[in-house]
Amino acid sequence: MKGKRFTSPEKRFHFIYPEDWETLVVEDIPAFFHPEMGGVLQIYSFANKVGNVDSMTELKNYISVHEIEFNEELVATFTNSEGTNILSCEFKKEDRHWCVYAISNQNKLLIATFNSDIDIDDKTYKILASIISSVQFLK
């Protein structure tokens, strides 16, 4: 995907997002969106000081905050070309559609969420997959 590179302010990670998407930072959380599309992608960054991250536990914790029953069998798992582990799940709550990704490599973790008040179409899923697959941890 041709696009723009986003590098986190702490220089922990970067990724590529579509050229026609806009960026907004709210309370130190970067958000990415297409101005005519009904959704927003937000990226949260974490790092363990001791030991590796347990992505499944972190994904479960995030889902439980939204009072959604977590079912590990519905979680898709991937590994990108950098060896980064990616877990993905989705749910609907209060007429909002959510895609949640836990992206980890050793002691580094990103939680990426895309939420929309309209159903997510195939084109958007492909864009999200490209963005998430392009994540590279820097430190």
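Under numbering that gives the first Met the number 0, think of the first position of the sequence shown as 0, with each following residue one higher.
From the three backbone atoms N, C-alpha and C, an ideal C-beta is built for every residue, glycine too.
For clarity, every value in this text was computed on a predicted model and none was experimentally measured.
Between the alpha carbons of residue i and residue j, how many angstroms are there, rounded?
i: Val134; j: Leu108; result: 11 Å
i: Ile15; j: Phe136; result: 13 Å
i: Ser54; j: Lys125; result: 22 Å
i: Asn79; j: Ala30; result: 22 Å
i: Phe77; j: Glu89; result: 15 Å
i: Val24; j: Thr6; result: 13 Å
i: Arg4; j: Asn106; result: 23 Å
i: Asn70; j: Leu58; result: 11 Å
Is it buried or exposed for residue i, if we count other Cβ within 10 angstroms and need 16 for buried?
i: Tyr100; result: buried
i: Asn104; result: buried
i: Ala75; result: exposed
i: Ala111; result: buried
i: Ile28; result: exposed
i: Gly148; result: This structure leaves residue 148 out entirely; the chain is present only between 0 and 138.
i: Leu73; result: exposed
i: Val52; result: buried
i: Thr83; result: buried
Return the first residue and the last residue of the beta strand (DSSP E) that residue i is part of.
i: Val25; result: Glu21 to Val25
i: Pro8; result: Neither: Pro8 is in no beta strand (DSSP E) and is coded neither H nor E.
Check whether the Cβ of residue i lies closer than 8 Å to any Cβ atom in chain B.
i: Tyr16; result: Here chain B cannot be found, since the structure has a single protein chain.
query = Counting only runs that start and end within the region 34-120, where is the beta strand (DSSP E) found for 3 or more residues in a row?
reply = Here the runs fully enclosed are 38-46, 75-78, 84-92, 95-104 and 107-115.
message = Count Cβ pairs between the region 83-95 and the region 106-125 that sit closer than 8 Å; are there 3 or more?
response = In this structure the region 83-95 touches the region 106-125; the number of beta carbon pairs closer than 8 Å is three or more.
ask   = Between the region 51-67 and the region 34-42, are three or more C-beta pairs nearer than 8 Å?
value = Segments in contact, no.
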